[in-house]
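A.B. asks: If you use the numbering used here, the sequence shown closes out at 289, no skipped numbers anywhere. Glycine included, every Cβ here is placed at the ideal spot set by N, Cα and C. Treat the numbers as computed from the prediction; the structure is a model and nothing was measured.
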Amino acid sequence: MNLLHIPVGEANAALDCYLLDNSSEIDAHRTRPCIIVVPGGGYLETSDREAEPIAVRMLAYGYQACVLRYSTYPAHYPTALLELAQAMATIRANAEDWHIDPDQLFVAGFSAGGHLTASLGASWSTEMPEQYGFDAGQIRPNGLLLGYPVISSGEFAHRPSFDRLLGDRSTDRNALAHVSIETRVTPDFPPTFLFHTLTDSTVPIENSLLLIAALRRAGVSVEAHLFPSGRHGVSLGTVESMYADGSGVEECVQAWPELFRRWLDSRTQEAQALYPPPRNRQ
């Protein structure tokens, strides 16, 4: 395995890459899906509990994994979004050397990281890439994983996230509307896998329900799992990702990684059927 630490943007943001090696005993030319993990933290920090534990689980499924430590408060929108876009472009530019299938690049965001991930899903096909010097194809996610995401700036908003994200513009109605993802879903929004818990008292489940409804109206493929229990920030729901006080272990939530693996593998198989690899691999 190769471990890479790559600065992103102009501040202290970085992309930590966990890259599985190829072996001639198995498949010297193998390419793998890649998951960019985007931790939450209310745009105040990036949570360790939603970073390496998630990446390690993705590695166990045979995927390459990267963790984006994006800029948080006092950095404001669109700083983190541009850092995620740069991370996407960096991975695709190095896909061959890193044994990554550039057409299987997925973004997994949790809580406020889910908002950042969904922001890219809503922005990649707009004027944003050209405005900031990106190629839309280089920053396009092939799919999203959203864990208990911050979505809406309206009635069910996690207000501290939007206050930190927007700073002095946090009471500007136009700015708030622009970062309310359920209002920005188009048919270009990436296929989405989503999970939330019914007992989340920090980011109400209505955030996910609003997004699900918007995705359905736009004809975007979505698979959603709503679990009966679990506090906010439940991550994997295991001892490996629990809070320091011992909370956050939820047996029902522990199902989501395997459900996500099945969802992602089905999408990979569909892509391979449409675009089969060349037979001559020498």
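Arg191: which of Thr204, Thr209 and Arg224 sits nearest, CA to CA?
C.D. replies: Here the closest residue by C-alpha is Arg224.
A.B. asks: Skipping 5 residues on each side, what residues in its chain have a beta carbon closer than 6 Å to that of Gly49?
C.D. replies: Ala119, Pro167 and Ser168
A.B. asks: Comparing alpha-carbon positions, which option in Ser254, Ser242 and Ala221 lies nearest Ala58?
C.D. replies: Comparing Cα-Cα distances from Ala58 to each of Ser254, Ser242 and Ala221, the minimum goes to Ser242.
A.B. asks: For Gly121, collect the residues of the same chain with a Cβ closer than 8 Å to its Cβ; drop the 5 residues on either side in sequence, then sort them by chain order.
C.D. replies: Result list for Gly121: Val45, Gly47, Leu153, Gly154, Tyr155, Pro156, Val157 and Ile158, in chain order.
A.B. asks: Inspect the CB distances between the region 121-137 and the region 194-207 and report whether three or more fall short of 8 Å.
C.D. replies: yes
A.B. asks: Could you compute how far the alpha carbon of Met95 sits from the alpha carbon of Ile146?
C.D. replies: Going from the Cα of Met95 to the Cα of Ile146 covers about 5 Å.
A.B. asks: Please list the segments of the beta strand (DSSP E) lying wholly inside the region 145-178, counting only runs of 3 or more residues, in order along the chain.
C.D. replies: Complete beta strand (DSSP E) runs here, min 3: 150-154.
A.B. asks: Going by DSSP in three states, Ala18 sits in which element: helix, strand or coil?
C.D. replies: coil
A.B. asks: Got a sec, what are the start and stop residues for the beta strand (DSSP E) Thr204 sits in?
C.D. replies: Thr199 to Thr204
A.B. asks: Apart from the five residues just before and just after Ile42, which ones in its own chain have a Cβ nearer than 6 Å to its Cβ?
C.D. replies: Met65, Tyr70, Ala72, Phe113 and Ala115
A.B. asks: To the nearest angstrom, how far is it from the Cα of Ala272 to the Cα of Ala67?
C.D. replies: Strictly speaking, residue 272 in this sequence is Asp, with Ala absent from that position. In a straight line, the C-alpha of Asp272 is about 14 Å away from that of Ala67.
A.B. asks: Give the straight-line distance between the Cα atoms of Asp108 and Leu218, rounded to the nearest whole angstrom.
C.D. replies: Cα to Cα, the separation comes out at about 28 Å.
A.B. asks: Could you spell out the range, first to last residue, of the alpha helix (DSSP H) harbouring Val63?
C.D. replies: Glu59 to Ala67
A.B. asks: In or out: His106 buried (at least 16 other Cβ within 10 Å) or exposed?
C.D. replies: buried
A.B. asks: Excluding five sequence neighbours on each side, which residues of the same chain lie with their C-beta closer than 7 Å to the C-beta of Asp195?
C.D. replies: Taken in chain order, the residues that qualify are Ser132.
A.B. asks: Could you pull the start and end residues of the alpha helix (DSSP H) that Pro109 belongs to?
C.D. replies: Counting along the chain, Pro109 falls outside any alpha helix (DSSP H), though it belongs to the beta strand (DSSP E) covering Ile107 to Phe117.
A.B. asks: Would you kindly check if the distance between the Cβ of Thr204 and the Cβ of Val256 is under 8 Å?
C.D. replies: no
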